[in-house]
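Notes follow once the structure below has been shown.
See the structure below:
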């Protein structure tokens, strides 16, 4: 059976989606609501899966009103002291009832879910915490030296650090093979990442903006290969040229910012290029119900995009799919041609500084990673073929122009027809990447 | 950085692959080797990842000789009582030394690995168990009622049952949405599977043959949808026909073996088709270093193939990637058209009987799932596009004919040119499936 | 600049499409209209391209009324004796005026076309003939021995024969290499075809149904290759197996209907399969403005589909794009596996009997070839990738069910989800082919 | 049956390829060879197809020796006065014999071809002319005002002009819709081109280099559309945004070199971009046996590439497939975003100046169009999917580096891994285009 898009329908709708579009509001009983109003994160232990449900309670004098975050429908709330029942009914007859005890900053209880399509009722436990939604008065520079590294984008790994939007985080990453800045293996290879960072205030439905404020080499060598991945080869070329993936070591001149092969072949004795440090991986924890996703993979949550414009100064926009977003980054490259044809780019460890911002605007429907730098806005399409990635990048950039610049589909076509540009960011992994881009100088000519 | 194929190269070669192709053999010291000879499974705790390394010790009189399973090169063994050192050297200068104490059926110690490319030495702990490689004298019918269900193909889940090749296992599966034969939710939806079953004697490099000896409806309803997945739609069709994925319930007449919509639309009041029960998922635990893979996904390890010929009587061949193979099955469909266009087929719970066989032949290089039934041999190509899946299915079937029928590439072309057939098994998931097939009546005309 | 779909828009709309959707009707002057009423084919010499415009004149007593065939809007007609002016105005200000002299069965004149978008007026000559739209009272068996063969689907080749719907045509084809039934080269290879046949009454907008009533071997040998086309090969397989495309000759036992290699390789000494004669090419002349299309190519007009179900008893449905349709057929194969992996199947000459039918129903929008046989209805998707061909086949079959069985999109999804089947017909040419199929036994369960 | 690659094999090999690889040389009879030595173009009327066979005669004193151009094997020549017999034998037993009378600059005769695979002998007529291979002493500027325009890349259209390498040709093109610089329709739309130009000295096997020395707007308007082609749309976007392909007119400010919509929509009132004039089409006549190819199509012969770097200063390299190459150009765009998403770019007429060069180096195997400008060398992959076009572009650029820079496959991988860049040139036509590029600044670091 299919997953993801339809998955949302079949696997969850039958049991869960009713909670997202509750229909009715009824008044609650008189009670002291002091301390309950505000945003809570209810986490249902749904058959051993943590189902997060942010709720806002609003104090209406003697009664409490409630809404699911990102949904304007008022829920039925019944209150008796600090004991609450919250009820949501759906048009198809499905129904959910949360019962529980709310204390100053914690709550717990049980939830009854009736699924009208499946004709089944289940009862599960939940816990809740009151969310801190107000940032500290001033921003900080936070130094974080990682001691563990993650090989999966997971929602269940304990965050290494809670960070606030506006703070600057200074940290470092090991290389794709698991070697640190001292050339010491710290972890099994396969893009082990730094994180996850829990971003305060970030809730599902928000957009997380991650800005790389500084990215700097911290050792004098990188490794790569001397092969070309299958996706770059015609049958004819492959039959006539033996391809091996033997490793190649590169020297990195940290002073001059230049890369050159350690033991250059005959024609490459003078081959020396300026480095362009980049992060191969920036991603967040995936959607409810997902297994951890290997850090070699990518998707709407970002991940191993291997896009050589994710450099110092770039901002990556990702959808928040879990409370706290749970941000992972790493897999730095000193230099990478488009597509990462050699399977590995110039893989090295890196010093990283970044800031995050949480954008709360439910009218943004971010279907895939977006990147912005001083020159351009860029939508990254990630899929199993270049043709599908191309569609995704183009359509996502169209949605961006529609939302931020208020362009009609006809206007978007005219802008694209005259000014769109494409990169092929990555062909070395399961998903390939196509990037659609409009320069900001072009956007300057549009009347918002 | 890229994963999988190249991944094997970069991420593991630098640290691990030397252990797979050791080069030299030297004699070991005199010692009592009683009890050590035979097959052992060494599991290195490689930076918290279980790295399995099967080894065979052969008693050469007063000395012990050793080989990694699947490799004919003799390793250096030094013995002092039940204390052993096993050394493997590689041509590039990489080196591995296992030190440890062997008891009758268990052993443990440390391993030093020097990685010549990365210029790094690491030390990790290992444990080992002596393997039971001889099946019981007679086969059994084993009845297994599952109480838990898995949503990922994982190598670290504790097996629900150890089974022997030749035994017949009788069990059952919940439907893709997590509902059991009584219509009771047992687990979050998303293809929760029965297993994993640990197959005795199965080691990495072997082939696991899973034969479905019996497959039977065990409830009177299934669910599906009334939408068509994006991969089946042209832009023109999509723009002119609203597509929703609302759920549809089907009645299953268990006596007559017929399926019909519960509330049929106008033109489908007499629509009733014979069921053809199948398993959407048959898979094993993935390769070393992999995250658990969601049960909606597929690959060389099998998984969610959604191929409607995986029915009673079919045998599925999968590569063994971990000790015990760790077999998962489920996601049964009462009936499914090619491609599973509706995202979900006629999803239902099922009674399952199966047998396994372990094929130990290192000349078989099984690159993807293979299926055999009374009529045909079939290779399943799984990839991000039909074009790539087509290449895989065709080339894998060619390899099958080459190995089992000794055909030359020219003969294979002539057989394919006159007799190959294709199915499109699945387009509803991330990987699509293309099946290449040759009928056994055709194969009967070949001289082996 | 893009062609075809958009092409119709840009290149023709600006000058021509206004003639297809005229807007107004006004009365014509008194005159004798005797002999003019009925269907005419106006052919404008549009900058040296034959632009066909079928018109119907209806005698309204003393005045004439006119419509373009396939369009219900009445045109303005002004008549003075046998001198007529026909005017069509478009909403965008574009305008067309035909002026000319009509005689009993022929007419000629000039046409002024004003293109409001391009702001240009052009004047061209036209000729017209009165169309014979009534079939002869009885059908005939027509024997046609070809003396020339065509290597392009062209609208400007003089038809070899005019045929009537209902007649049975008996003819023959040379093989794909240009060799006839006597093994004599008659023409350069590359799928030289028999035809074109002008089908009386067929006009643009109609559907042509071509039924193969008989298909029979007429010589004792075929040729093929021993290679596999690139689309069937993974890089891994290609690098490890040398592929050549040397020719292979096959014996055809015309009595027993069996095929076997003339000089069989070691394992194929007993390889002998029943033949299944098929036509690789059935196609019509392409749309206005198109260059002739090579007979190795395919598209909505049919062509080199290489689908091994186009056998005796099958009916191929094609859109009529030119007056008379201009039907070509040939490229027969004694036997072909799915996909025609060897580049050439068992290529041979063939005896062919066929019938045609012209379906006049403007509610059928046939976007690609359709095939029907005793068991199934089948839509052929033809495109540059299997993924795109899959979309086309699926969506076209959906349109077929919608039109002929009145199914809603939801009903179509349920039928597809339970009963659709796919073939991969062809991967050896520029377009690949995917066939979507529903068995007639399934359709029998639908209430029309 | 398949065409092109395999086509060359099956359809021609059986009858023709033997002429390309003759095997033996024998001495010719004594005779006066005066006037025959030098290069001749023999054109066989091969079943009504012009089969060109360039031959060099070398005067060896009293005897003549001959070779096919591009082949070093000496042919058997028998001479009696000005009557010659030229014989070529192939290893498979195939044989060709040309008999004819040679005069000072013309010759004619018959040719017997025995095809050992097909077991067939055919006799056809041929004519020959002696080739002018020496350029005039000085180059010229040639002004050419076209009066006809071609809608197909054809080998049989009479050239509009014979040009010499080194001369500069000044000419002009109509727009893709057929409108000239005065806004007057001159031809049916669909990329009508200027040419064909016969390039003296160009023979099959050579490479033609076409340099655009000057490209200049010659009217004040262009047209385009406000739609996006299907390849840029996800199903989701398409279902939520109505797409039409209505025409849009653009003003071109010829003084300032700026483009802006004639009737701008709300947000585009200030939208004005610098023009970047380019040629959408540069192509040569296709291979022997091909039908004329519509000028909306592309392939190894170039054609409608719609690559926005084919601007003033760029050189396009194409394989010469016919004597004289037969060069066509046009379909100019004032400005085009990558991919030509709107189906038509800013389509306009143009003033063109260009030069050609003929490169005679049989070690260059140019599999697809190549482009060079001041910054980069670029290989254009053209295919039915982006994935296949990507393979072609990458592998062709690898071949370029291998030939011109003597790089090994391992060196190529390292250069690509660090420095390759990609454009997606075109998605609006049947073939899509992917361009692989290396900057010349990178190449400067390589030791040839």
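Residue numbers (the numbering used here), protein chains in the order written: chain A, 1 to 448; chain B, 449 to 896; chain C, 897 to 1344; chain D, 1345 to 1792. For each residue, glycine too, the CB sits at the ideal point set by N, CA and C. Predicted, not measured: the structure shown is a model, and the values here were computed from it.
Which runs of the alpha helix (DSSP H) spanning at least 4 residues fall entirely within the region 502 to 562 of chain B, listed in chain order?
Segments of the alpha helix (DSSP H) lying fully in the region 502 to 562 of chain B: there are none.
Taking only three categories from DSSP, how would you classify residue 417 (chain A)?
Walking along the first chain from the start, residue 417 (chain A) turns up at place 417. Helix.
Check whether the Cβ of residue 1691 (chain D) lies closer than 8 angstroms to any Cβ atom in chain A.
For the purposes of this step, residue 1691 (chain D) is taken as the residue at position 347 of the fourth chain. For residue 1691 (chain D), the answer is no, since every Cβ of chain A falls outside 8 angstroms of its Cβ.
Among A:190, A:92, A:76, A:60, which one has its Cα closest to the Cα of residue 497 (chain B)?
Along the second chain, read from residue 1 onward, the residue named residue 497 (chain B) stands at position 49. When each option's Cα is compared against that of residue 497 (chain B), the closest is A:190.
With a threshold of 8 angstroms, are at least 3 pairs of Cβ atoms found where one atom belongs to the region 1080 to 1097 of chain C and the other to the region 1232 to 1240 of chain C?
No, they do not touch.
Taking 8 angstroms as the CB-CB limit, is residue 833 (chain B) close to chain D?
Reading the second chain from its first residue, position 385 is the one you call residue 833 (chain B). Answer yes: the Cβ-Cβ gap between residue 833 (chain B) and chain D drops below 8 angstroms somewhere.
Quick one: is residue 703 (chain B) buried, meaning 16 or more other Cβ sit within 10 Å of its Cβ, or exposed?
For the purposes of this step, residue 703 (chain B) is taken as the residue at position 255 of the second chain. By the 10 Å Cβ count, residue 703 (chain B) comes out exposed.
Put residue 127 (chain A) into one of helix, strand or coil per three-state DSSP.
Taking the first residue of the first chain as position 1, residue 127 (chain A) is located at position 127. The answer is strand: DSSP assigns residue 127 (chain A) an E or B state.
Residue 338 (chain A) versus chain D: which residues are under 8 angstroms apart at the beta carbon?
Mapped onto the first chain, residue 338 (chain A) falls at position 338. Neighbours of residue 338 (chain A) on chain D, chain order: 1764, 1765, 1766.
Under 8 angstroms Cβ-Cβ, which residues of chain D neighbour residue 446 (chain A)?
What you label residue 446 (chain A) is simply residue 446 of the first chain in a count that begins at 1. Correct list: 1611, 1612, 1614, 1615.
DSSP three-state label for residue 1541 (chain D), please.
Taking the first residue of the fourth chain as 1, we reach residue 1541 (chain D) at position 197. The answer is strand: DSSP assigns residue 1541 (chain D) an E or B state.
Do the region 282 to 299 of chain A and the region 728 to 740 of chain B touch if we need at least three Cβ pairs shorter than 8 angstroms?
The region 282 to 299 of chain A is in contact with the region 728 to 740 of chain B.
Does residue 290 (chain A) come within less than 8 angstroms of chain B when only Cβ atoms are used?
Here residue 290 (chain A) corresponds to residue number 290 of the first chain, with the count starting at 1. With 8 angstroms as the cut-off, residue 290 (chain A) counts as an interface residue toward chain B.
Using a cut-off of 8 angstroms between C-beta atoms, extract the partners of residue 183 (chain A) located in chain D.
By 1-based counting over the first chain, the position of residue 183 (chain A) is 183. Simply none; closest approach about 21 angstroms.
Measure the beta-carbon distance from residue 499 (chain B) to residue 576 (chain B) and round it to whole angstroms, keeping in mind my assumption that it falls under 8 angstroms.
Your numbering for residue 499 (chain B) matches position 51 in the second chain. Your numbering for residue 576 (chain B) matches position 128 in the second chain. Contact flag wrong, Cβ pair sits at about 12 angstroms.
Within 10 Å of its beta-carbon, does residue 1784 (chain D) have 16 or more other beta-carbons around it, so buried, or fewer, so exposed?
For the purposes of this step, residue 1784 (chain D) is taken as residue 440 along the fourth chain, with counting starting at 1. So residue 1784 (chain D) ends up on the exposed side.
From residue 211 (chain A) to residue 1764 (chain D), what distance separates their C-alpha atoms?
On the first chain, residue 211 (chain A) is found 211 positions in, with the first residue counted as 1. On the fourth chain, residue 1764 (chain D) is found 420 positions in, with the first residue counted as 1. Spanning the two alpha carbons is a distance of roughly 26 angstroms.
For a cutoff of 8 angstroms on Cβ pairs, would you count residue 23 (chain A) as touching chain B?
Your numbering for residue 23 (chain A) matches position 23 in the first chain. With a pLDDT of 30 at residue 23 (chain A), under the threshold of 50, the modelled position of that residue is not reliable, and no figure is offered here.
Who does residue 767 (chain B) pair with in a DSSP beta bridge?
Residue numbering aside, residue 767 (chain B) sits at position 319 when the second chain is read from its first letter. BP columns for residue 767 (chain B) point to B:655.
What separation, rounded to the nearest whole angstrom, lies between the Cα atoms of residue 1563 (chain D) and residue 949 (chain C)?
Indexing the fourth chain from 1 puts residue 1563 (chain D) at position 219. Indexing the third chain from 1 puts residue 949 (chain C) at position 53. If you take the alpha carbons of residue 1563 (chain D) and residue 949 (chain C), they lie about 33 angstroms apart.
By alpha-carbon positions, which one of B:523, B:782, B:526, B:751 ends up nearest to residue 767 (chain B)?
Looking up residue 767 (chain B) in the second chain gives position 319. Closest by alpha carbon: B:751.
Just to confirm, are residue 1558 (chain D) and residue 1624 (chain D) a CB contact at a threshold of 8 angstroms?
Translated into positions along the fourth chain, residue 1558 (chain D) becomes position 214. Translated into positions along the fourth chain, residue 1624 (chain D) becomes position 280. In this structure, residue 1624 (chain D) does not lie closer than 8 angstroms to residue 1558 (chain D) by Cβ.
At the level of alpha carbons, what is the spacing between residue 473 (chain B) and residue 534 (chain B)?
Residue mapping note: residue 473 (chain B) aligns to position 25 of the second chain, counting from 1. Residue mapping note: residue 534 (chain B) aligns to position 86 of the second chain, counting from 1. With a pLDDT of only 33 at residue 473 (chain B), under 50, the local geometry of the prediction cannot be trusted, and the value read off the model is given with reservation. Taking the straight line joining both Cα atoms gives about 10 angstroms.
DSSP on residue 1222 (chain C), reduced to helix/strand/coil?
Here the question's residue 1222 (chain C) lines up with position 326 in the third chain. The answer is coil: DSSP assigns residue 1222 (chain C) none of H, G, I, E or B.
Can you pull out the residues from the region 118 to 146 of chain A whose beta carbon lies closer than 7 angstroms to at least one beta carbon of chain B?
Within the region 118 to 146 of chain A, the qualifying residues are 118, 119, 120, 122.
What does residue 838 (chain B) reach in chain C if we use C-beta pairs closer than 9 angstroms?
Within the second chain, numbered from 1, the residue matching residue 838 (chain B) stands at position 390. Within 9 angstroms Cβ-Cβ: 1127, 1128, 1235, 1282, 1320, 1323, 1328.
What does a CB cutoff of less than 7 angstroms around residue 896 (chain B) pick up in its chain, not counting 5 residues either side in sequence?
For the purposes of this step, residue 896 (chain B) is identified with residue 448 of the second chain, where counting begins at 1. Around residue 896 (chain B): 853, 854.
To the nearest angstrom, report how far apart residue 1251 (chain C) and residue 1061 (chain C) are at their CA atoms.
The residue you call residue 1251 (chain C) lines up with position 355 of the third chain. The residue you call residue 1061 (chain C) lines up with position 165 of the third chain. If you take the alpha carbons of residue 1251 (chain C) and residue 1061 (chain C), they lie about 7 angstroms apart.
Can you list the residues of chain C that residue 765 (chain B) reaches, using a CB-CB cut of under 9 angstroms?
Numbered from 1 along the second chain, position 317 holds the residue referred to as residue 765 (chain B). Under the 9 angstroms cutoff, chain C gives no residues; its nearest Cβ is about 18 angstroms from residue 765 (chain B).
For residue 874 (chain B), write down the residues that DSSP places opposite it in a beta bridge.
For the purposes of this step, residue 874 (chain B) is identified with residue 426 of the second chain, where counting begins at 1. DSSP, once it has assigned bridges, lists B:787, B:881 as partnering residue 874 (chain B).
Report back the beta-carbon spacing between residue 1217 (chain C) and residue 1178 (chain C) to the nearest angstrom; my notes put them in contact at under 8 angstroms.
Working through the third chain from its first residue, we reach residue 1217 (chain C) at position 321. Working through the third chain from its first residue, we reach residue 1178 (chain C) at position 282. About 14 angstroms separates the two Cβ atoms, so there is no contact after all.
Determine whether the Cβ of residue 1122 (chain C) lies closer than 8 angstroms to any Cβ atom of chain A.
As a first step, residue 1122 (chain C) must be located in the third chain, where it is residue number 226. No, residue 1122 (chain C) does not count as interfacial toward chain A.
Could you say which of D:1408, D:1730, D:1590, D:1418 lies nearest to residue 232 (chain A) if we only look at CA atoms?
Residue 232 (chain A) sits at position 232 when you count from the first residue of the first chain. Checked all of D:1408, D:1730, D:1590, D:1418; the closest Cα to residue 232 (chain A) is D:1730.
Under a CB-based cut-off of 8 angstroms, is residue 1112 (chain C) close to chain E?
Among the protein chains of the structure shown, namely A, B, C and D, there is no chain E.
Alpha carbon to alpha carbon, what distance is there between residue 46 (chain A) and residue 429 (chain B)?
This structure cannot speak to residue 429 (chain B), because chain B is shown only from 449 to 896.
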